[in-house]
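Under my numbering, the first residue of the sequence shown is numbered 2, with each subsequent residue one higher.
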Amino acid sequence: LEESAVERARGSISSLVEIIPDKANLINPQGQISQVRSRDLAEGDLILIKPGERVPVDGSVLEGLSSLDTSSITGESLPRDVAPGDPVLAGFLNRQASLKVEVSRPLEFSAASRILAAIGDARSRKTRTERLATTLARVYTPSVVALAVIIALLPPLSGWGGFEMWLYRALVFLVASCPCALLISIPLGVFAGIGAASGKGILIKGGDVLEKLPKVRTVFLDKTGTVTTGRFHLAGVFPSEGFSEGSLLELAVTAERDSNHPLAETVRSGWGRRPLPELPISTIERPGLGIEAETARNKILAGNQRFMLENGIEARDPKSPGTVIHVAENGRYAGYLVVADTVKEEASKAVSELRAFGVDRILLLSGDLEGPTTDVANRLSLDGAFWGLLPEEKVALVEEEQGAGPERKINIFAGDGLNDAPVIARADVGISMGKVGSDITVDNADVVIMNDSLLGLPEVLRIARKTRAVIWQNILLALGVKAAVLILGAFGVASLWEAVFADVGVTLLAVINSSRILRWSRKQKAAA
Numbered sequence: 002l003e004e005s006a007v008e009r010a011r012g013s014i015s016s017l018v019e020i021i022p023d024k025a026n027l028i029n030p031q032g033q034i035s036q037v038r039s040r041d042l043a044e045g046d047l048i049l050i051k052p053g054e055r056v057p058v059d060g061s062v063l064e065g066l067s068s069l070d071t072s073s074i075t076g077e078s079l080p081r082d083v084a085p086g087d088p089v090l091a092g093f094l095n096r097q098a099s100l101k102v103e104v105s106r107p108l109e110f111s112a113a114s115r116i117l118a119a120i121g122d123a124r125s126r127k128t129r130t131e132r133l134a135t136t137l138a139r140v141y142t143p144s145v146v147a148l149a150v151i152i153a154l155l156p157p158l159s160g161w162g163g164f165e166m167w168l169y170r171a172l173v174f175l176v177a178s179c180p181c182a183l184l185i186s187i188p189l190g191v192f193a194g195i196g197a198a199s200g201k202g203i204l205i206k207g208g209d210v211l212e213k214l215p216k217v218r219t220v221f222l223d224k225t226g227t228v229t230t231g232r233f234h235l236a237g238v239f240p241s242e243g244f245s246e247g248s249l250l251e252l253a254v255t256a257e258r259d260s261n262h263p264l265a266e267t268v269r270s271g272w273g274r275r276p277l278p279e280l281p282i283s284t285i286e287r288p289g290l291g292i293e294a295e296t297a298r299n300k301i302l303a304g305n306q307r308f309m310l311e312n313g314i315e316a317r318d319p320k321s322p323g324t325v326i327h328v329a330e331n332g333r334y335a336g337y338l339v340v341a342d343t344v345k346e347e348a349s350k351a352v353s354e355l356r357a358f359g360v361d362r363i364l365l366l367s368g369d370l371e372g373p374t375t376d377v378a379n380r381l382s383l384d385g386a387f388w389g390l391l392p393e394e395k396v397a398l399v400e401e402e403q404g405a406g407p408e409r410k411i412n413i414f415a416g417d418g419l420n421d422a423p424v425i426a427r428a429d430v431g432i433s434m435g436k437v438g439s440d441i442t443v444d445n446a447d448v449v450i451m452n453d454s455l456l457g458l459p460e461v462l463r464i465a466r467k468t469r470a471v472i473w474q475n476i477l478l479a480l481g482v483k484a485a486v487l488i489l490g491a492f493g494v495a496s497l498w499e500a501v502f503a504d505v506g507v508t509l510l511a512v513i514n515s516s517r518i519l520r521w522s523r524k525q526k527a528a529a
C-alpha cells in the first residue's frame with residue numbers, strides 16, 4: 002500500500018519523462034529528414050513534428066499552423082493554436098498539421114527537464130515539521146528502548162510480579178513505540194501534495210514551500226505579464242485641433258516605422274494592412290523619451306510628455322489609464338495615442354479567491370507609469386499600487402512588508418520578467434509564470450505556474466492547506482494511538498497484536514490518508 006501510494010504521487014511527475022520522445026525528425030540543410038536521438042539535438046537545428054507526435058525539445062515554430070495539446074506540461078485542458086513565431090515546449094502533443102520547428106535549447110535544458118530536476122531537489126527540501134520529526138526520532142528511539150529495559154527489569158527486581166510478565170509488557174511497549182507511522186506519513190503527505198500540484202501544471206519546489214503557503218498574508222503581483230497579458234493594443238487615437246485621427250496615426254506610424262520597441266509594433270498594428278507611409282530620411286531614438294524622424298516634408302516627434310517639453314511643445318496630460326504616446330509635426334502638437342495592456346480574464350476571480358483564503362493585502366508592483374498601474378489596481382480592487390519601480394525597489398518593498406521578529410509576515414511575490422528574479426528570490430515564496438517567464442526567473446522561483454493563469458495562485462494555496470490538514474491528521478492519529486497503546490501496554494492491558502496495529506496499522510492508515518490528496522486533486526480537475 003505504501004509503495005502504491007508513492008507511485009501514485011510520483012505518477013504525474015514521472016510521466017514527464019515518458020512523454021518526451023526518444024527520437025526526433027531532423028531536417029538537414031538539403032531538406033532531407035533523418036531520425037536522430039532527441040538528446041543529440043542542438044540549438045538552431047530544424048526538426049519536423051508530424052500530427053500525433055510529441056515535441057522532443059523546446060523550440061519555436063518556423064512553418065505551419067496546428068493545434069497542440071499542452072496539458073502534460075501546463076495543465077491546460079484546452080488545445081493551444083500555434084503559428085510561425087510561437088514557442089513550443091518538449092512534451093507538447095501535435096494534434097493537427099505538420100510543423101517545422103527550430104530548436105531553441107537542447108533537451109537537458111528544456112522546460113520538462115528543468116521541472117524534473119526541480120522536483121528532485123524538492124524531495125530533499127524538508128518541511129520544518131519533517132525536520133523536527135527526524136530530529137525527535139534520534140532522541141525518541143534510544144529513549145523508548147531505555148524505557149522498555151526499565152519496564153522489563155525494574156518491576157520484577159522490586160518484587161512486583163514475575164520477570165516473564167514484565168518482559169512481555171516491555172516487548173508490547175517497544176513494538177508500539179516504533180516511530181514508522183510518524184516518519185513515513187509526513188514526507189509522503191508532502192510528496193502527494195507536490196504530485197497533486199504538478200498534475201495541475203504547478204511546480205512546487207519543496208516541502209518547505211508547502212509549509213509556508215498556508216501562512217501567507219500578503220501577496221505582491223507584478224503587473225505586465227502577470228496580472229495583464231503583456232500584449233498591447235491601440236486603445237485610442239486623440240488628435241489635436243487641425244488634425245484628424247487618420248493624419249495623427251499616419252504621423253505616428255511614420256516615426257515608428259523602423260523601431261523595434263514593443264510600443265512601436267503596437268502603433269504599426271493600428272495601421273492595419275494599408276501600405277505603410279513614406280520612409281523617413283533619418284530617425285533618432287531617444288531612450289526613455291521617444292523617437293525623432295525626418296521625412297522630405299516634415300519633422301516628426303513621437304514620445305512621452307517629457308520629450309515634448311524638451312522640444313518646447315506643450316502637450317496635454319490626459320491622465321489616461323494606458324501608456325500615452327504624444328506626437329508633434331514641425332513643432333506643432335498633433336495629439337496623442339493611447340496604448341493599453343489587457344487585464345487577464347481570470348484576474349478578478351483570482352483576487353476574490355485569494356481574499357477567501359485569508360490574504361490580508363494584495364499589492365500591485367510595476368515599473369510602468371502611474372496611470373496604467375493604478376487603473377489595473379482599481380479595476381481589481383487591490384489594496385495598493387506602486388509604479389515606476391526598479392528591481393531593487395521592489396525588493397525593498399517586499400522586505401519592508403515582511404517585518405521582523407514574532408510579527409513577521411509571510412508573503413508571496415508573483416512575476417515573470419528577468420527583472421523580477423531578485424524579488425522572486427527574496428520573497429518568502431517566489432512564484433514565476435513559467436510560460437512567459439525567463440529562465441533565471443523560473444530557476445529562482447519556489448513555485449512555477451506553467452500555464453500562466455492567475456488562478457494558479459489560489460490553487461497552490463488550496464493544495465498547501467489540504468496537504469497541511471492531511472499531514473496533521475496523520476501526526477495526531479499516530480501520536481494518539483501510540484500514546485494509548487504505550488500506556489495500556491505498560492500496565493498489561495494491551496496485547497502484542499494491538500501494539501502491532503499501533504505501528505503497522507497506523508502506518509497504513511497514514512499512507513491511505515495521504516493518498517486522499519491525489520484523489521481530491523483529480524476530482525477537482527475533473528470537475529473543472
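The beta-carbon is built from N, C-alpha and C at its ideal position, and this holds for glycine as well. Note that the structure is predicted; figures quoted are calculated from it, not measured.
Bridge partners - residue i, DSSP secondary structure assignment
{"i": "K24", "result": "R38"}
{"i": "H611", "result": "The requested residue 611 does not occur in the structure, where the chain is confined to residues 2 to 529."}
{"i": "D82", "result": "S68"}
{"i": "H327", "result": "G304 and Y337"}
{"i": "R55", "result": "L94"}
{"i": "N412", "result": "T219"}
{"i": "S349", "result": "The partner list for S349 (beta bridge, DSSP) is empty, contrary to what the question assumes."}
{"i": "I203", "result": "I450"}
{"i": "E286", "result": "I292"}
{"i": "A357", "result": "The partner list for A357 (beta bridge, DSSP) is empty, contrary to what the question assumes."}
{"i": "I48", "result": "L27 and V102"}
{"i": "T229", "result": "V344"}
{"i": "F387", "result": "L366"}
{"i": "G431", "result": "F414"}
{"i": "F239", "result": "Y337"}
{"i": "P88", "result": "S61"}
Supposed close pair residue i, residue j - CB separation, criterion 8 Å
{"i": "A479", "j": "A98", "result": "That pair is no contact at about 56 Å."}
{"i": "I314", "j": "G304", "result": "Not really, about 10 Å apart at Cβ, beyond 8 Å."}
{"i": "L252", "j": "E330", "result": "6 Å"}
{"i": "A198", "j": "V461", "result": "6 Å"}
{"i": "L47", "j": "L69", "result": "About 18 Å separates the two Cβ atoms, so there is no contact after all."}
{"i": "G416", "j": "T227", "result": "6 Å"}
{"i": "R356", "j": "E400", "result": "Going by Cβ atoms, the distance from R356 to E400 rounds to 24 Å, so no, they are not a contact pair."}
{"i": "T255", "j": "P278", "result": "4 Å"}
{"i": "D59", "j": "R106", "result": "5 Å"}
{"i": "V56", "j": "G92", "result": "7 Å"}
{"i": "N95", "j": "P30", "result": "N95 to P30, Cβ: 24 Å. No contact."}
{"i": "G336", "j": "F244", "result": "6 Å"}
Whether residue i touches residue j by CB criterion (9 Å)
{"i": "L458", "j": "L366", "result": "no"}
{"i": "G160", "j": "V471", "result": "no"}
{"i": "R380", "j": "V344", "result": "yes"}
{"i": "L338", "j": "V268", "result": "yes"}
{"i": "A500", "j": "L154", "result": "no"}
{"i": "V325", "j": "G389", "result": "no"}
{"i": "A43", "j": "V83", "result": "no"}
{"i": "K224", "j": "T374", "result": "yes"}
{"i": "I425", "j": "N445", "result": "yes"}
{"i": "V170", "j": "G506", "result": "The sequence as given places Arg at residue 170; Val does not occur at that position. Contact flag unset, no."}
{"i": "A147", "j": "A503", "result": "no"}
{"i": "A205", "j": "D447", "result": "The amino acid occupying residue 205 in the given sequence is Ile; Ala does not appear at that position. Cβ atoms of I205 and D447: closer than 9 Å."}
{"i": "A351", "j": "L456", "result": "yes"}
{"i": "A511", "j": "I185", "result": "yes"}
{"i": "V328", "j": "L249", "result": "yes"}
{"i": "T229", "j": "V396", "result": "no"}
{"i": "S61", "j": "D87", "result": "yes"}
Closest by C-alpha distance to residue i, when choosing among the options
{"i": "G271", "options": "A236, L302, E279 and I301", "result": "A236"}
{"i": "P22", "options": "L108, V102 and I28", "result": "L108"}
{"i": "L391", "options": "I411, D421 and N412", "result": "D421"}
{"i": "R287", "options": "E279, R307, N299 and P276", "result": "R307"}
{"i": "A316", "options": "S241, K350 and L355", "result": "S241"}
{"i": "W521", "options": "A265, V89 and A193", "result": "A193"}
{"i": "G368", "options": "K350, F387 and S353", "result": "F387"}
{"i": "D259", "options": "L280, G247 and V150", "result": "L280"}
{"i": "G231", "options": "I450, M434 and V486", "result": "M434"}
{"i": "I450", "options": "K24, K201, S111 and N26", "result": "K201"}
{"i": "P319", "options": "E394, L370, G45 and A495", "result": "L370"}
{"i": "N412", "options": "N26, T284, I187 and P215", "result": "P215"}
Near the ligand NAD: residue i beta-carbon under 8 Å from a heavy atom
{"i": "N412", "result": "By its list of ligands, the structure shown contains no ligand whatsoever, and the ligand NAD lies outside what it can speak to."}
| said: Check whether the stretch 137–155 and the stretch 456–469 are in contact - that is, three or more C-beta pairs closer than 8 Å. | reply: no
| query | Below 8 Å, can you find three or more Cβ-Cβ pairs linking the stretch 209–222 to the stretch 352–370? | reply | yes
| request: Would you check if there are 3 or more beta carbon pairs closer than 8 Å linking the stretch 205–212 to the stretch 509–521? | output: no
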